[in-house]
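Since the structure comes first, as structure tokens, the remarks are kept for the end.
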Amino acid sequence: MRKFNIAALFSLFLTGILLLASCNNIFSPSEQENKIEPGKGSVKIAFGQGEARQIVPEALFDFYDFTFTKDGVSLPVVEKASGESLDFELETGSWRLDVNTYRGDRGHLAATGYADFAVAESSSNTVKVLLSGVVSEGKGTFSYSIQYPQAAELIYFNLGSLELGGGTPVIAGETATLSGSNEVDAGYYILSLKLAKNGKEASFSDVVEIYKNNTSKFNDKVFTDAHFTGTVAVTDILLTAGGDAIGTEALVLNYGDTKTLAAVVAPSYANSAVDWVSNDTSIVTVAGGILTAQAKSGSTTVTATAGAVTKTINVTVSPLDLPITGITLKNGNDIIGEALDLTYGTPVTLTAEVIPVNNSDSEADNAISWATNRPDIVTVNNGVLTAQKTSGKATITATAKEGTIAKSVVITVQAPVTGTAGIPVTSWEGFTIDVTAPEQALFFNSYGTGAGLKNNVLKLSPPTDNSGYLWGPVKLDLSQYAGQSIKITISVDAHAEASNAKVHWKVTETGDKYTTIVNTTAAASATAPAAATGWTTVRNTTAVTVTPKADSPWLYLEKSDSSSDNGLGNRVLYLSNMSVTITPATPDGDANGVALVGNGRYWNDVKIIDVEDVKAVHFDSWNGRYDVLKLTSPTPNDPAWGPLQYSLKEYRGQNITVTMSVYAWIDTATRVWWQSNGTDYPIIVSGTDSYGYNQLTTTKQWVRLSTTTSGRATNLLEQNNPVIYLSQSADYGLNGVPVYLADFQVSVISEGSYTELSGISIAGDKTRNLLPGDEITLAAALNPAGATRNTITWTSSNELIATVANGVVTAVGNGTATITASSDKTKTGVAFTDEVTVIVGTPVSVETVTLSVQDPLTINRNTTQQLTAAVLPAGANQAVNWTSSNPSVATVSNGVVTALAKGTTEIRATSAVDAAKFAAVTVTVQAPVTGITPSGESSLTLNRGQETTLSAAVVPSDANNQTINWSSSNSGIVSVANGVIKAEAAGSATITASTAQGGFSRTVIVTVKIPVESVAIQGAGSISILVGGYQTLQAAVNPSEATEGTVSWISSDNTVANVDSTGKVTGIKGGTAYITARAGDKVSNPVTVTVSYPEGSQSISFNWAGSGSQLVLDVPNAIAIQSGESVTLNGPNTGYETYQWTEGSRDIPGATNASFTFNSAGRDKGTYRIALFVTKPSYIGNATVSITIE
């Protein structure tokens, strides 16, 4: 079989280069000391480096042999020592030089080389010879020194199978230097190196020759940041939580839970930047691997992406059993305490947050509702508080969970300032104020003097730079009427500080129309008005029908005073007594109302007195106002005194000042006035500006009835049931005329403080024994004693047995009756009671007391159980007293046992009249199991034979029954005993931990794998195949049942030998490659594959390279054949070439075709040089191949 010389195999790296003295010569010619003889030329021998070569051995030789051959005739061998001059004079012509180098003596040949060159007469040339190491028995040294950025990671540095770089790098600044040397067998090696930095890599690979008795150096190789260009691809991502790998089962989180995940990329030196994305952020969010469960149940996925690799995990979020326990009120970011101060004209927005935020209650339970107990002082709308013009206190309450959870804050409203200062406002009487500076809109409690005095006054001032008011400085939002046909009536008193101030009200209508409602010149004077004539009532007596536009529908005050559009100009204007009536173009009919019937009828805290023939109808809206009450009383109306009453009971016994307002609509002139039943029965409001008994004559429109700003004072000392009531007397009442009422508001300021009730108690024994005709007096005390509402009401459950009047109990007939003392209701509507049992007749002795449960009794902590005591005989006093011997364990009240803590107590029911008669039961309070809490993840992976311990804890930790039962869904795969699990076989099983009490459980999915322990390629450690031939390798995985036992195949050089997924190795070209098998994380021993060409005839091709001007071979340029074999040489054939084949320095006759066959037949063993010269347009190329006949 024919073999290739190894030096020829690697001659791609070690090609000798002849450098002639020409314009392209990169070597400087040597200087000649003597004149060259005629017919000769001078050459200097140099040992150079191939430009394609990156690693060159250091030439440490002792002496050389030089053999010059011309025309087949060799000159005597010239020996020169290392360091001698290597200059020679030769005759002109074509020469071949062969060089041998030695270390020591001629028995230690180290390297060989050759060069072909030509000598011209009197020329001085340098001939460069490349040396090839001689492969033979012996040792050589490989020395290396590399530099790279200190921040880079050395992934591998290998010389063949030898790992280099075992030392510690030397750090200097930001550079690391690694150096060392190793003695190895002489021969050829693959040197490979890889560095990684910031997700990019720099790599290097080349063939190294180790000369026998010599040193090959890889020194001063410098890698900089510019070399790190290749991006390291991520091949895998491992997701972990708490150091444990995440399996395929979903992560389960509860509302508000967080879980920190880690993503480890492979390889470790790849760019480790990982992007996290949640598929549904309403269920779970993710930031930097930290999962946060939101307050929404459901399942979604979270994806980690690094490079082109993604890993996805399933996440399920479920609610905890966390009910709402409270509400936090905030003003901005500040938590509000129990009180807050406000000033009129300054809205404040409160926010309410339920506690805890991540509760498990429904969305409806989490909804916040707002309420105020005094809308005349403070109104509230979705948390926006608006202080009214009345000073005082109001309670704002935010509730959740259908009102069962509440949080209140007491709002104190400061009285508005009076006099000339005023306070800036942004709204007034429901209108929005739009000015450029706060001082341009001021509110006054009152303005003017004498008959010119007005209350609730708005002052408008123009900008000081005379730029004029903004468009619509006072405007009412009509959005609720957009696109509807409505009627508007406006009435407002106006006063100006300069003449010709037009009070011009308009509406923005559909079709971009600006319709006038009313336009009147205001009364003017430079001073505050002292007479009623100082004010002008601006109003339209006939309602104007308009259709507000959809975009910016406003009823607004015109600012312009141009001739075509009269308005304020730059004048100061005062407004008071604003009243706006808006009704549908077709008014609401009475048919839309709902009759209020039966007892307990109320409208805005106003009680509708349940008397005969008083009719009350409620409207959600009526003629432009909302929440309207229509009241109709008969004539004569004496039986209907005060048909509407607003209670002042909480102010009983105090001096108070009342401020009230209400809108009224009548069709016929009548008296509409409200008064108090306090001292002198003062009138609170009436249908006139004075407090006389005049009729209200303004009909068929809404009229606002209100007290003066200072209010009405009254004394409630004499009244037990003080009220504000609608007068309905025969002389001064409604006289049977129906009245519509809306926007009822009352504010009361007391000179004394209000003290709320907290309870009531009857002194003495709770059971009294009487004989018919006996009389006793019971005393009841309110708590506190000074409570403002201090009425006590006495009742008897059976007046045939006992009656009661003001606490005096009279026994009437035999039997048992309950006497009850009741307090007034608190502001929140709660009434307190206390009771005494009265037994009338001859007492019957108690014989026994029994309980409704058997002894002993076991109940769960935090639960209650009702016990019932039976007293015999039935005629005996049935009252018993309940006691607990250990109230810290359980308490008892009226037979209701409340379990508080683990332990034992005795619950006793003792006769109230005979302490010797009782019944008792021993109550044991136990802590029941309410759940189970696992530790660790919901899934894990084990190798076969591996054991680990799972743990779970009973909830609560002090539960009486702590037993946990463990089970496996498939004990053949995973067995479990007391939480210790063992991986038995490959597969998956569910481990369940269950509480013995309650059956609460948690599961863990366990996946068992069988890892690969080793993988080996069967057969010899090396194989030889021909180019185009193949051989299939077999690999054995140990153990054979490994779960990741799939084998993959790898070739070190696919250009020499390729291997497919079945282990089939195919020869591609001559050379050597190494085949390895991989299974799991294990790699086999390599198999050396030598690929050679078939015996017999061979074929070698010459091809154009570069831009088509260079001729190269497709195989090494030196080959060996056996005697009798032939080689066919093929030149390039693009259709334009001419050819000439030469042997040595002579043309081969007739060899001018593209192909030439070299036959060894008839030739002696030796080396023959065949060259091809090819000419094509614009180019001449040549190449030479050395053929050795062995």
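437 is the number that the UniProt record's numbering gives to position 437 of the sequence shown; each next residue is one higher, with no gaps.
A virtual CB, placed ideally from N, CA and C, is assigned to each residue, including glycine.
If you draw a straight line from the C-alpha of isoleucine 1005 to the C-alpha of aspartate 855, how long is it?
The alpha-carbon separation between isoleucine 1005 and aspartate 855 amounts to approximately 46 Å.
Beta-bridge partners of proline 149, as assigned by DSSP
Paired residues: Thr175.
Going by CA-CA distance only, name the one from Phe1102, Ala1073, Arg539 that's closest to serine 1092.
Cα-wise, what sits closest to serine 1092 is Ala1073.
Should serine 362 be labelled buried (16 or more other beta-carbon atoms within 10 Å of its own) or exposed?
By the neighbour-count rule (16 or more Cβ atoms within 10 Å), serine 362 is not buried but exposed.
May I ask you to list the residues that DSSP assigns as paired with valine 523?
Strictly speaking, residue 523 in this sequence is alanine, with valine absent from that position. Alanine 523 pairs with His495.
Would you tell me roughly how many angstroms separate the C-alpha atoms of aspartate 434 and proline 553, rounded to the nearest one?
Their Cα atoms are separated by approximately 15 Å.
Quick check on DSSP: helix, strand or coil for arginine 53?
For arginine 53, the pLDDT reaches just 34, beneath the cut-off of 50, and the residue's location in the model is therefore unreliable, leaving the point undetermined.
Would lysine 200 pass as a contact of phenylalanine 228 if the rule is Cβ separation under 8 Å?
Between lysine 200 and phenylalanine 228, the gap from beta carbon to beta carbon is short of 8 Å.
If we ignore side chains and look at the alpha-carbon of each, how far apart do proline 29 and isoleucine 1025 end up?
In this prediction, proline 29 has a pLDDT of 30, which is less than 50 and means its spatial position is unreliable; nothing more can be read from the coordinates.
Going by DSSP, which residues form a beta bridge with asparagine 182?
Bridge partners of asparagine 182: Phe142.
Glutamine 926 - partner residues in DSSP beta bridges:
Residue pairing by DSSP puts glutamine 926 in a beta bridge opposite Asn860.
Aspartate 365: first and last residue of the uninterrupted alpha helix (DSSP H) it sits in:
Segment 363 to 366, the alpha helix (DSSP H) holding aspartate 365.
Residue closest to residue 1193, alpha-carbon to alpha-carbon, out of Thr436, Ala394, Gln388:
This structure cannot settle anything about residue 1193, because the visible part of the chain is limited to 1 through 1190.
For lysine 407, I'd like the list of residues in its chain whose CB is within less than 6 Å of its CB, leaving aside the five on either flank, ordered along the chain.
Correct list, in chain order: Ile327, Leu329, Ala398.
Span of the beta strand (DSSP E), counted from its first residue to its last, around phenylalanine 63
Residue range 63 to 70 is occupied by the beta strand (DSSP E) that includes phenylalanine 63.
Please report the residue range of the beta strand (DSSP E) in which glutamine 645 lies.
Counting along the chain, glutamine 645 sits inside the beta strand (DSSP E) bounded by residues 644 to 647.
Would you mind sorting glycine 1071 into buried or exposed? The rule is 16 or more other CB atoms within 10 Å of its CB.
Using a 10 angstroms sphere on the CB of glycine 1071, the tally of other CB atoms reaches 16 or more, which defines it as buried.
Would you kindly work out how many angstroms separate the C-alpha atoms of arginine 926 and threonine 858, rounded to a whole number?
The sequence as given places glutamine at residue 926; arginine does not occur at that position. Threonine 858 has its alpha-carbon roughly 7 Å from the corresponding atom of glutamine 926.
Compute the Euclidean distance between the alpha carbons of serine 22 and serine 85, then round it to the nearest angstrom.
Per-residue confidence for serine 22 stands at a pLDDT of 25, beneath the threshold of 50, marking its modelled position as unreliable; the derived number appears in the next sentence. Cα to Cα, the separation comes out at about 23 Å.
Indicate whether lysine 393 and valine 380 have their beta-carbon atoms separated by less than 8 Å.
No, these two residues do not count as a Cβ contact at 8 Å.
Taking the straight line between their C-alpha atoms, what separation do you get for threonine 1046 and isoleucine 237?
Roughly 20 Å between the two C-alpha positions.
Cβ atoms of asparagine 655 and asparagine 715: under 8 Å apart, would you say?
With contacts defined as CB atoms closer than 8 Å, asparagine 715 and asparagine 655 qualify as a contacting pair.
In this structure, does DSSP put aspartate 244 in helix, strand or coil?
Residue state, collapsed to three classes: strand.
In this structure, does DSSP put aspartate 605 in helix, strand or coil?
In this structure, aspartate 605 counts as coil in the three-state DSSP scheme.
From the DSSP secondary-structure annotation, give me the bridge partner or partners of aspartate 834.
Residue pairing by DSSP puts aspartate 834 in a beta bridge opposite Ala821.
Selected residue, minimal CA-CA separation from valine 315, among Ser852, Thr301, Gly307
It is Thr301 whose Cα lies nearest to the Cα of valine 315.
Consult DSSP for serine 479 and reduce its assignment to one of helix, strand or coil.
If DSSP states are grouped into helix, strand and coil, serine 479 belongs with the helices.
Taking C-beta to C-beta, are glutamate 775 and valine 809 nearer than 8 Å?
For the 8 Å CB-CB criterion, glutamate 775 and valine 809 form a contact.
Could you tell me which whole beta strand (DSSP E) segments of length 3 or greater appear in the UniProt domain "BIG2" (1011 to 1089)?
Counting whole runs of 3 or more residues, the UniProt domain "BIG2" (1011 to 1089) contains the beta strand (DSSP E) stretches 1014 to 1017, 1022 to 1026, 1030 to 1032, 1035 to 1038, 1047 to 1051, 1057 to 1059, 1064 to 1067, 1071 to 1079.
Decide if the stretch 34 to 43 is in contact with the stretch 76 to 96; the criterion is three or more beta carbon pairs, one per stretch, under 8 Å apart.
Yes, since at least three Cβ pairs between the stretch 34 to 43 and the stretch 76 to 96 fall closer than 8 Å, the two stretches touch.
In the DSSP assignment, find the beta strand (DSSP E) that holds leucine 573 and state where it starts and stops.
DSSP places leucine 573 in the uninterrupted beta strand (DSSP E) bounded by 573 to 584.
For valine 889, the nearest candidate out of Thr904, Leu154, Ala787, Thr883 (CA to CA)
The shortest C-alpha separation from valine 889 is found at Thr904.
Taking only three categories from DSSP, how would you classify histidine 504?
When DSSP states are grouped into helix, strand and coil, histidine 504 belongs to the strand group.
For valine 73, count neighbouring Cβ atoms within 10 angstroms of its own Cβ and tell me buried if that reaches 16, exposed if not.
A residue is called buried when at least 16 other Cβ atoms come within 10 angstroms of its Cβ; valine 73 does not meet this threshold and is exposed.
Using 8 Å as the threshold, is the stretch 177 to 196 in touch with the stretch 139 to 150, meaning 3 or more CB pairs across them?
Yes, the stretch 177 to 196 touches the stretch 139 to 150.
Can you name the start and end residues of the beta strand (DSSP E) that glutamine 1110 belongs to?
Counting along the chain, the unbroken beta strand (DSSP E) around glutamine 1110 starts and ends at 1110 to 1113.
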